[in-house]
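Chains as they are written, first to last, in the working numbering: chain A, 7 to 521; chain B, 18 to 369. Every residue, glycine too, gets a C-beta built ideally from N, C-alpha and C. Small disclaimer: the values here were computed from a predicted structure and weren't measured.
Put into structure tokens, the structure is as follows:
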């Protein structure tokens, strides 16, 4: 297979801490705090406080875009409360608190043994019921992503972030599950080609996958190795590396016939189908300075980080930062009483030597290193300058929305500017501005429609007065569709004229200063 | 519950700092400086020391005036880089007030009045150089003849006396010491109606052209290029500006030289004389005042080369690198704007 190149990126070799140690089991904690997190909308709890639940029993139903949530162990629901979570999107979320009974009893669905011949709908329904989400970090519901057919299925095993090794461990130890899962997903989306991708530095995982694929071959399956270059595991970068094509802006990969799924997701999907197991745990890589037992742990979703770290041997002295996720894109956590969620692929326990010293930020010297490493081919330094000036038209001109927040620019910045934080803030600003603009446009339209109505009523009153008649029915003026369209057009024209005059005024001001 | 300080991603140690970037520039200057000392004596080092001294004085004063702390700003080494680059452009025997005035213009006006590090539009070293070039043309034209160290007549005491008094000791005079640079010679002699073949063939003035274009200067230029390669390797500069600048110089001068070698100097003479090589690797590559995009940098480098050649050919000054750099500095914001690269996925449509 021909391997293409993506723009920019960083070589982060030598920073991989995760040893391919066996995947160890983290025992369930006395209390699980299962986050009820949805992508959009919310998760509605479907069990009452005081209810007894079993491991794998559904406890939350999505309203909006989300996946079902399941209890991670058997026990009693004792509360539903707002707690801090380890998400980059939310600070708090409501979590279901389950007091474990120590029995850890499963409630499994019947296995679909004959999944090769089962209908797509049956399989999708099972993935939905089992609450399978993308385990690469985004935690997007798999059944929604798989609903559309795709020509090419890419199984992403290029995790690429320093400190994360869960996919590597999975591919070494459970290669069969990954391959079976790949076949399952390929069957669901009707893929003609399935590429399982690993970084070329993971030779042990490659060997394991190769032999698993030999034992369980399926049509169109292939194994590919890609350069170890961050952010190789980024969906769009991976697609470019394998197909040589860019995913068009504002489009989803499936619109060019490609679907990406994490290898862990495939394994979880296969367990849901072949064993009837809902998603109740995931593999988490724990890394850091001074840890007694770093490595990969199978952790119940909802396990507090404090408990997990206790199992790993407790906090080492002098911890400077606790991070959920990898070193490049992970979220720094304010404390350790935060539950592991389905998107959490790693925990980094970092000391002073592993992070930037709290030195003051220097101004941008436009050295251009950020331009060289940006995988989105942006001009990070120009974006930063325009964000500092609050110049949102220029920010849009420089395509802030194409930023994937990979952190390459901030890593190489000699001035230690937290660029990604600026871009996240900028994206928020732009979204809010768009929302405000839409609101004001809507009220402008309402105002124009009202004017039309008043005008028509006035005309009718004049007509009545001149004719001397009083037709009872025609009192209420009717607004037709064309009236509304005309009103919208008028308000647009007025807004444009206003903007033009504003711009002219600004330009002439600028000229005046120049002279 | 254990609590921690939070900070934005990425969570990695710093790879480099502004101080290290500027330090690399100073390191990269070492081979060129050694070569310049070889040909022009210890006055070169004295000029560098003076310029860095004044640059730091003005930097510190401006930081205080602007209400900024001295640390880390004074230690970012950007002022010493400005000082060193300026000092390499002035004759080794220049009096101390040349440095003082130039650094005042460079650090106070060109740098801090525009907002300090990273905010300046014009290359501070070149602003400083041009201010003194325009104000004291005679003092800046007194380049001694490039010669290996044994031939340096005046001693160290004479040198210090000259720098601090502005006058040569009674036993010396500038006319005997200094020699027209190749670019000066070409300009003056061509104006007097000589062809280049005649100028180069002249037994006295012809010597200064050396092997590659200008005696002594060509080797200094080579050592600057070596320093430039170090900067490229350290990724302090990008290849675009040097390649575009030197490439454009060759591209524009070769046809002219082929058509009429009597009027148009050898392309190599253009490359190896004056400040072109220093500019290609150290001055036009200044990221703050240059273009930020890859294509912008190519145009920037080509523009510096074209303007330099135009000034050398038709201008009143023998070398035009400093003017060319400042003129292109003006264009940098425009270049950045018209050369925005296509972002990933843009310009493509998904309905295929």
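Is residue i helix, strand or coil when you go by DSSP?
{"i": "residue 377 (chain A)", "result": "helix"}
{"i": "residue 172 (chain A)", "result": "helix"}
{"i": "residue 3 (chain A)", "result": "Outside the shown range of chain A, which is 7 to 521, sits residue 3 (chain A), and nothing can be said about it."}
{"i": "residue 358 (chain B)", "result": "coil"}
{"i": "residue 31 (chain A)", "result": "strand"}
{"i": "residue 65 (chain B)", "result": "helix"}
{"i": "residue 494 (chain A)", "result": "helix"}
{"i": "residue 363 (chain B)", "result": "coil"}
{"i": "residue 303 (chain A)", "result": "strand"}
{"i": "residue 21 (chain A)", "result": "Confidence is the limiting factor: at residue 21 (chain A) the pLDDT is only 46, short of 50, which leaves the residue's position unreliable and the question unanswerable from this model."}
{"i": "residue 279 (chain B)", "result": "coil"}
{"i": "residue 90 (chain A)", "result": "strand"}
{"i": "residue 206 (chain B)", "result": "helix"}
{"i": "residue 114 (chain A)", "result": "coil"}
{"i": "residue 150 (chain A)", "result": "helix"}
{"i": "residue 405 (chain A)", "result": "coil"}
{"i": "residue 287 (chain A)", "result": "strand"}
{"i": "residue 351 (chain A)", "result": "coil"}
{"i": "residue 53 (chain B)", "result": "helix"}
{"i": "residue 124 (chain B)", "result": "helix"}
{"i": "residue 257 (chain B)", "result": "helix"}
So residue i contacts chain B; which residues on that side make the cut at Cβ distance below 9 angstroms?
{"i": "residue 338 (chain A)", "result": "21, 22, 23, 24, 25, 26, 28"}
{"i": "residue 381 (chain A)", "result": "361"}
Count the other CB atoms, across all protein chains shown, that sit within 10 Å of the CB of residue i; report buried if there are 16 or more and exposed otherwise.
{"i": "residue 196 (chain A)", "result": "exposed"}
{"i": "residue 234 (chain B)", "result": "buried"}
{"i": "residue 347 (chain B)", "result": "exposed"}
{"i": "residue 223 (chain A)", "result": "exposed"}
{"i": "residue 461 (chain A)", "result": "exposed"}
{"i": "residue 264 (chain A)", "result": "buried"}
{"i": "residue 172 (chain A)", "result": "buried"}
{"i": "residue 287 (chain B)", "result": "buried"}
{"i": "residue 134 (chain B)", "result": "buried"}
{"i": "residue 177 (chain A)", "result": "buried"}
{"i": "residue 18 (chain B)", "result": "exposed"}
{"i": "residue 370 (chain A)", "result": "buried"}
{"i": "residue 519 (chain A)", "result": "Bear in mind that a pLDDT of 40 at residue 519 (chain A), under 50, signals an unreliable position, so the model cannot answer this."}
{"i": "residue 7 (chain A)", "result": "exposed"}
{"i": "residue 289 (chain B)", "result": "buried"}
{"i": "residue 445 (chain A)", "result": "exposed"}
{"i": "residue 273 (chain A)", "result": "buried"}
At a CB-CB cut-off below 8 angstroms, which residues of chain B make contact with residue i?
{"i": "residue 199 (chain A)", "result": "What residue 199 (chain A) touches in chain B: nothing, since even the nearest Cβ is about 17 angstroms away."}
{"i": "residue 356 (chain A)", "result": "28"}
Mind listing the chain A neighbours of residue i? Cutoff is C-beta to C-beta under 7 angstroms, in chain order.
{"i": "residue 348 (chain B)", "result": "Neighbours of residue 348 (chain B) on chain A: none; closest Cβ ~15 angstroms, over 7 angstroms."}
{"i": "residue 353 (chain B)", "result": "388"}
{"i": "residue 32 (chain B)", "result": "417, 418"}
Pull up the CB-CB distance for residue i and residue j, whole angstroms please, since I reckon it's below 8 angstroms.
{"i": "residue 335 (chain A)", "j": "residue 412 (chain A)", "result": "7 angstroms"}
{"i": "residue 78 (chain A)", "j": "residue 43 (chain A)", "result": "Contact flag wrong, Cβ pair sits at about 14 angstroms."}
{"i": "residue 244 (chain B)", "j": "residue 47 (chain B)", "result": "7 angstroms"}
{"i": "residue 103 (chain A)", "j": "residue 85 (chain A)", "result": "4 angstroms"}
Name the chain A residues that come within less than 8 angstroms of residue i, Cβ to Cβ?
{"i": "residue 18 (chain B)", "result": "312, 341, 342, 343"}
{"i": "residue 38 (chain B)", "result": "371, 373, 420"}
{"i": "residue 309 (chain B)", "result": "372, 374, 377, 385, 387, 388"}
{"i": "residue 133 (chain B)", "result": "369"}
{"i": "residue 304 (chain B)", "result": "371, 372, 373, 374"}
{"i": "residue 336 (chain B)", "result": "Here the premise fails: no neighbours, minimum Cβ distance about 27 angstroms."}
Going along chain A in order, which residues have a C-beta closer than 9 angstroms to the C-beta of residue i?
{"i": "residue 54 (chain B)", "result": "Those do not exist, as residue 54 (chain B) stays about 29 angstroms from chain A at its closest Cβ, beyond 9 angstroms."}
{"i": "residue 41 (chain B)", "result": "Under the 9 angstroms cutoff, chain A gives no residues; its nearest Cβ is about 10 angstroms from residue 41 (chain B)."}
Taking residue i as the query, report the chain B residues whose CB atoms sit under 7 angstroms from its CB, ordered along the chain.
{"i": "residue 404 (chain A)", "result": "357"}
{"i": "residue 413 (chain A)", "result": "26, 27"}
{"i": "residue 257 (chain A)", "result": "367"}
Within the present structure, is the beta-carbon of residue i separated from the nearest heavy atom of the ligand GDP by less than 8 angstroms?
{"i": "residue 106 (chain A)", "result": "Questions concerning the ligand GDP fall outside what the structure shown contains, since it holds no ligand whatsoever."}
Exercise. Is there contact between the region 153-160 of chain A and the region 317-328 of chain A, where contact requires at least three CB pairs shorter than 8 angstroms?
Worked result: no
Exercise. Would the region 240-258 of chain A and the region 181-188 of chain A be scored as touching if the rule is three or more Cβ pairs under 8 angstroms?
Worked result: no
For this session: Indicate whether the contact test is met: 3 or more Cβ pairs, each with one atom in the region 341-356 of chain B and one in the region 313-321 of chain B, closer than 8 angstroms.
Result: yes
Exercise. Quick one: any contact between the region 63-83 of chain B and the region 117-130 of chain B, if contact means 3 or more CB pairs under 8 angstroms?
Worked result: yes
For this session: Specify whether the region 138-154 of chain A and the region 296-312 of chain A touch according to this definition: at least 3 beta carbon pairs, one from each stretch, less than 8 angstroms apart.
Result: no
Exercise. Do the region 279-295 of chain A and the region 305-315 of chain A make contact, defined as three or more Cβ pairs closer than 8 angstroms?
Worked result: yes
For this session: Specify whether the region 333-343 of chain B and the region 291-311 of chain B touch according to this definition: at least 3 beta carbon pairs, one from each stretch, less than 8 angstroms apart.
Result: yes
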